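A.B. asks: Top to bottom, those sequences are chains W and D.
In this text, residue positions in the first sequence follow our numbering: the first is 1, and each later residue adds one.
In this text, residue positions in the second sequence follow our numbering: the first is 1001, and each later residue adds one.
Just so you know, even glycine gets a beta-carbon here, dropped at the ideal spot from N, CA and C.
Quantities reported herein were computed from a predicted structural model and do not represent experimental measurements.
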Amino acid sequence: MNAIVEFREVGKRYGEKNVISGLNLSIHEGEFFVMVGPSGCGKTTTLKMINALTQPSEGDVYFNGKRIKDYDIRRLRHRIGYVLQQIALFPTMTVKQNIELIPDILGWSKSERSRRSGELLEMVGLPPAKYAARYPNELSGGEQQRIGILRAIAAKPDVLLMDEPFSALDPISRNALQEMVADIHQRLGTTIVFVTHNMNEAQRLASRIAVMQGGRLQQLGTPEELQSQPANEFVRSFFQSETIDYGKISQLTDLLPLSRDDMPELEADAAIADLFPLLGSHPRVRIRGVGEIDGSRVFDYLHSRQR
Amino acid sequence: MNLILQTLLERKTELLDATLEHLLISLLSLVCAVAIAVPLAVWFSGRRKQAETVLQFTGVLQTIPSLAMLGLLIPFVGIGTPPALIALTLYALLPIFQNTYLGFSEIHPSIKEAATAFGLSRWQKLMRVELPLALPAMISGIRTAAVLIIGTATLAALVGAGGLGKIILLGIDRNNTALTVIGAAASALLAVGVSGLVYWLQRKKAAGRALSVAALLVALLLGAQWWSSQGSSKQVVIAGKLGSEPDILINMYKLLIEADNPEINVVLKPNFGKTSFLFNALNSGEVDIYPEFTGTVLESLVKLPDAEKNRKFNPQQTYLLAKKLLDEQYQMVFLAPMKYQNTYALALPQAYARQHQVATLSDLAKVKDQIRAGFTLEFIDRQDGYKGLSETHRIPLKHLASIEPTLRYTALEDGRVDLVDAYSTDAEIRRYKLTLLKDDLQLFPPYQGAPLMKAKFAEQHPQVAASLNRLAGKISEEEMSEMNDKVKNGGEAPAKVAADYLNAHQLLNKKDAP
């Protein structure tokens, strides 16, 4: 197996804090590699070292056997697709322009670009006649992230990086998109490096899974290996707790009445499960930047999800 | 309404010129401000702390009153278009910088991260991603700036940069409300129009870009052409202070010079500003000739030798001394003066004069605690004005207000003041039935008008001086006052009044000398 990306003794510090330490990791060409772990485990930082959005404080990351810092950084990035959690489509460009941006910069001819964007839109079930001229704000969240993925693969990159791409989506869109990504992987054979905090998602998609915690790699293996032979207590418990994933708080916020008084706070992208201990002692919890959530409505929601 | 329409028709070329001038100076300033503020804002968009400092600095610029800003710039860049251009540009910096900066800093970090991760260069990121996103905010800043500039540009007339302000000032000076309304309305319409245009250009993306580039080129071209025409050597620039009398006089100068020298093109800059503006303009070569008064020269322009201070001169002595000192101190030539005296005088309603038995300056002592005086700032500050009256002659007036020259007769008519400073040839003295106080204190020095120019100019253009000398010893006070009345209240054009006088006195016929 050819290692397309390799981490050797990589560490990352922000000031005094070690975010990643002693990381050794090989990502094989053509595999669907998933990094999973709780918030702050260092998985996104690791991902962003591959396209040089962050630089390691120690050790080196290799791309096709050559150190990333020895590459012309822009040329390297042209070969690496990137899908963000915030989707981040360019709002002033149409769907077509978003998809064709990188081919355009790489100097593809107009007809080549047009054929490529048309074929990609067809592939994910968004007819170009209907979608090509739309602007991102005219699309649903799920449709936006489809375009986000097409934009990332339009120039046929060697590697596709995906940073929690579906965590802001509703469960139905998420399901559909997981299928779409699995399908793309099968069809194109592109190496995919995928970050998620959701063990279900990891198990569903991955060829291999890297479980991270506290900036260290806990275990690396196929989904089956991890399930049958967890390397330590953390991996085992992570598997169990993650088997029930309720999604994110931000999914609740548009269906719940929100009010204001003194109460504990959570971030909108925290896991719904994080709400439970707080709702045990308080009737409501404030979601930073969004509003407040009433405990009884949370249970209503979870109950409806179960059916 | 009829009056406005009529005025509009009568003055349409003048108005069109002023509007174009106004538009040009505004657009040039706007272009300069955009060229400075936008790159700055882009550069500072990632540097919050420094950006705050720049914002505060441009904010401070904004708080300087426009008039003061123009005044402060004069010592550095002279008068005319440059100070107006600089002041207007400085005013436009804040709205453009602030809005552009906000537009750029409000772009979500994830968008910038995406652009970086796709391997876009700095320039590609700026042009393809960030600029289009910041554009609406930037455009709204530019629109605010455009409205601000076009409004403030009316003040440019005060430093001789022309524009619609000239029309407004003229309207106030001539007591012609229609003209003032037209000037103000044109300026307001222009502001709305330009703001709308900028908005439209932004909406019509492709057409807008092409059009704005074209407009920019045209504006720059026109500006360059206009700029170069400013300093053309074949033409003689004659300016006059604000008012009908200088306006009539410079028209006479033009007619006289062009009748004798068809090859010379005389450009007139009427209502150019106050004494110091004009004198500076003459000194710096922006203006070649302007009519000045002998008394003003001694009082405000030259340094009097100690021996001559506090002496009283007759008109002839005044002229000779002024001529000598101008030559010595500024290398300027002061041609022979005309006949009439346009001296300072104090005027009050006939009824008030009769009731309080005030006929001379010394009689003012009787009413010094009750009479309400409205004097111009210039008069208040002059030794041969109120300073002399209150200090040398010990007649301080208890109720004294400073008042704009063009507004004092209105204030008098409205009964808000009883006493104003005037010039002895003012048209209003007859019109409002005013009494002039006799100068029994010899407070006011003789004031005779004559063309003033640089010695170098006189040497290079001896024929011009010869033509202007035909006016020496001509025009009586009555004739001047009558001509002023025709322009100010009769609505006649200064050029026509000037031509009528010259024709009536056969001054234009150059074959008159045998």
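What are the boundary residues of the beta strand (DSSP E) that includes W:G221?
C.D. replies: 216-221
A.B. asks: Between which residues of its own chain and D:L1003 is the CB-CB distance below 7 Å, once the five residues before and five after are set aside?
C.D. replies: A1178
A.B. asks: Report yes if the CB atom of D:L1255 is closer than 8 Å to the CB atom of D:A1458, and no otherwise.
C.D. replies: no
A.B. asks: Return the residue from the list D:Y1091, D:P1136, D:T1100 that minimises the CA-CA distance to D:V1147.
C.D. replies: Checking every option, the nearest Cα to that of D:V1147 belongs to D:Y1091.
A.B. asks: Rounded to whole angstroms, what is the Cα-Cα separation between D:I1264 and D:L1249?
C.D. replies: 18 Å
A.B. asks: Can you tell me the Cβ-Cβ gap for D:Y1199 and D:R1143, rounded? I've got them flagged as a contact below 8 Å.
C.D. replies: 6 Å
A.B. asks: Please classify W:S26: does DSSP put it in a helix, a strand, or coil?
C.D. replies: Residue state, collapsed to three classes: strand.
A.B. asks: Is the separation between the beta-carbon of W:V235 and that of W:L205 shorter than 8 Å?
C.D. replies: Going by beta carbons, W:V235 and W:L205 fall outside the 8 Å limit.
A.B. asks: If you reduce the DSSP assignment to three classes, tell me which class D:D1452 lands in.
C.D. replies: The amino acid at residue 1452 of chain D is misidentified as Asp; the sequence shows Leu. DSSP places D:L1452 in strand when its eight states are reduced to three.
A.B. asks: What number of angstroms, rounded off, separates the C-alpha of D:K1166 from the C-alpha of D:V1042?
C.D. replies: 38 Å
A.B. asks: Look at the alpha carbon of D:K1274 and the alpha carbon of D:D1247, and state the distance between them as a whole number of angstroms.
C.D. replies: Rounded to the nearest angstrom, the two C-alpha atoms are 13 Å apart.
A.B. asks: Using a Cβ-Cβ cutoff of less than 6 Å, which residues in the same chain neighbour D:K1454 once the five nearest sequence positions on both sides are dropped?
C.D. replies: M1332
A.B. asks: What does a CB cutoff of less than 6 Å around D:V1596 pick up in its chain, not counting 5 residues either side in sequence?
C.D. replies: In the structure displayed, chain D extends from 1001 to 1514; residue 1596 of chain D sits before or after that span and is not available.
A.B. asks: Can you give me the Cβ contacts of D:T1081 inside the same chain, cut-off strictly under 7 Å, excluding the 5 residues immediately before and after it?
C.D. replies: I1025, A1161
A.B. asks: Mind listing the chain W neighbours of D:I1111? Cutoff is C-beta to C-beta under 7 Å, in chain order.
C.D. replies: A88, F90
A.B. asks: Applying the 10 Å Cβ sphere with the 16-neighbour rule, what's the burial state of D:D1173?
C.D. replies: Buried is the call here.
A.B. asks: Please report how far the alpha carbon of D:S1424 lies from the alpha carbon of D:F1444, in whole angstroms.
C.D. replies: 11 Å
A.B. asks: Return yes when the Cβ of D:E1413 is within less than 8 Å of the Cβ of D:Y1432, no when it is not.
C.D. replies: One thing to note: D:Y1432 has its Cβ within 8 Å of the Cβ of D:E1413.
A.B. asks: State the CB to CB distance for the pair D:L1416 and D:T1376, rounded to an integer number of angstroms; the pair is presumed to be in contact (CB under 8 Å).
C.D. replies: Here residue 1416 of chain D is Arg; the residue named in the question, Leu, does not match the sequence. Not really, about 15 Å apart at Cβ, beyond 8 Å.
A.B. asks: Closer than 7 Å by beta-carbon distance: list the chain D residues that pair up with W:Y62, in chain order.
C.D. replies: Under the 7 Å cutoff, chain D gives no residues; its nearest Cβ is about 19 Å from W:Y62.
A.B. asks: With 8 Å set as the bound, which would you pick, yes or no: does the beta-carbon of D:Q1062 sit closer than that to a beta-carbon of chain W?
C.D. replies: No - not a single Cβ of chain W is within 8 Å of the one on D:Q1062.
A.B. asks: Given this structure, state the Cα-to-Cα distance separating D:E1428 from D:S1212, to the nearest angstrom.
C.D. replies: 49 Å
A.B. asks: Rounded C-beta distance between D:K1366 and D:H1356? I'm assuming under 8 Å.
C.D. replies: 7 Å
A.B. asks: Per DSSP, what kind of secondary structure is D:D1421 in: helix, strand or coil?
C.D. replies: strand
A.B. asks: Can you give me the C-alpha to C-alpha distance between D:H1201 and D:K1339, rounded to a whole angstrom?
C.D. replies: The question names His, yet the displayed sequence has Leu at residue 1201 of chain D. Approximately 59 Å, taken between the alpha carbons.
A.B. asks: May I ask which residues mark the beginning and end of the alpha helix (DSSP H) holding W:F276?
C.D. replies: For W:F276, the uninterrupted alpha helix (DSSP H) segment begins and ends at 275-281.
A.B. asks: Within 10 angstroms of the Cβ of D:P1451, are there 16 or more other Cβ atoms? Answer buried if so, exposed if not.
C.D. replies: buried
A.B. asks: Which value, in whole angstroms, describes the spacing of the CA atoms of D:Q1370 and D:D1384?
C.D. replies: 23 Å
A.B. asks: So is D:L1040 in contact with chain B if we call contact Cβ pairs under 8 Å?
C.D. replies: Given the protein chain composition of this structure (W and D), no chain B is represented.
A.B. asks: Looking at C-beta atoms only, is the number of pairs between the segment 86-103 of chain W and the segment 139-156 of chain W that lie closer than 8 Å three or more?
C.D. replies: yes
A.B. asks: Within 8 Å (strictly less), CB to CB, does W:N51 reach chain D?
C.D. replies: yes
A.B. asks: On the CB-based measure, 16 or more other CB atoms within 10 Å of its CB, does D:A1504 come out buried or exposed?
C.D. replies: exposed
A.B. asks: Using only alpha-carbon positions, find the residue among D:S1402, D:V1031, D:K1125, D:L1169 that is nearest to D:L1217.
C.D. replies: D:V1031
A.B. asks: Does DSSP put D:T1007 in a helix, a strand or coil?
C.D. replies: In this structure, D:T1007 counts as helix in the three-state DSSP scheme.
A.B. asks: Strictly under 8 Å for the Cβ-Cβ distance: is W:F146 near chain D by that measure?
C.D. replies: Per the sequence shown, the amino acid found at residue 146 of chain W is Arg instead of Phe. Output row for W:R146: interface = no.
A.B. asks: Cβ closer than 9 Å: which chain W residues qualify as neighbours of D:T1100?
C.D. replies: Under the 9 Å cutoff, chain W gives no residues; its nearest Cβ is about 16 Å from D:T1100.
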